[in-house]
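Undergrad: Next up is a structure, given as structure tokens.
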Amino acid sequence: MDTATEFGRLLGPLRRAVLRTRRSEGLPDLPEAQIELLRVLAEAGTITPREAAARLKAAPSTVSNLIRTLTTAGLVERTPSPTNLRTAHLTASPKALDMLDRYDRTSTAALRRALAGLRPESREALERSLPALAELLTALEAEAPTGQA
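Below, the structure is given as structure tokens:
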């Protein structure tokens, strides 16, 4: 068994299974890139588009398109910079923060139910793997060139 191949094959179906729990609760079906941007904004509080692009390791034009879509949906608030008219400050709207909280509660509840149904040794193996998965994420992010996230 090749660990990288098997892990890669499981990532998509695992992600989609978690996303289905959101849909079953009637939550909006946002693309993952939009959710990632909202999470960056929620964590940062207020941030410029350039800072958001750097944190996401995404091209500024990609982030600009995400911001435009999320602003239209009422999920991102843009405030012009008082010192530079070409710059805006972004924040996640209260609607976005509530939605992220509902996403997290729904996903966490579904994962807890699924984990409870596993054999104890499988749950323990997953728990022990969490630090390694965090390390893997760090290694993958270090490899990805900016603008390719």
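Counting from 52, one number per residue, gives the positions in the sequence shown under this note's numbering.
Note that beta-carbon positions come from the ideal geometry of N, C-alpha and C, so glycine has one too.
CB-CB under 7 Å to A200, same chain, minus the five flanking residues each way: which ones, in chain order?
TA: At A200, the pLDDT of 48 sits below 50, so the modelled position is not reliable; the number obtained from the coordinates is stated separately. Excluding sequence neighbours, A200 sits near L107, K108 and A109.
Undergrad: Under three-state DSSP, which class holds P131?
TA: Residue state for P131 is assigned as strand, using DSSP reduced to three classes.
Undergrad: For the beta strand (DSSP E) containing A201, name the first residue and the last one.
TA: Any answer about residue 201 is impossible in this case: the structure gives the chain only from 52 up to 200.
Undergrad: So, are the CB atoms of R89 and A139 less than 9 Å apart?
TA: Sequence check: residue 89 is Leu here, not Arg. Contact flag unset, no.
Undergrad: Buried or exposed, going by whether 16 or more other CB atoms sit within 10 Å of the CB of L188?
TA: exposed
Undergrad: Check this for me: beta carbons of V127 and L151, under 9 Å apart or not?
TA: In this structure, V127 sits away from L151, with a CB-CB distance that is not shorter than 9 Å.
Undergrad: Is any heavy atom in the ligand MG found nearer than 8 Å to the beta carbon of A55?
TA: This structure lacks the ligand MG, and indeed carries no ligand of any kind.
Undergrad: Straight-line CA distance for D149 to L162?
TA: Looking at the two C-alpha atoms, the distance is approximately 20 Å.
Undergrad: What residues match up with I118 in a beta bridge as DSSP calls it?
TA: Note: I118 sits in no beta bridge, so no partner.
Undergrad: Among the residues of its own chain, which have a CB less than 7 Å from the CB of R174, if the five just before and after it don't count?
TA: L166
Undergrad: Between which residues of its own chain and L78 is the CB-CB distance below 8 Å, once the five residues before and five after are set aside?
TA: M150, R153, Y154 and T157
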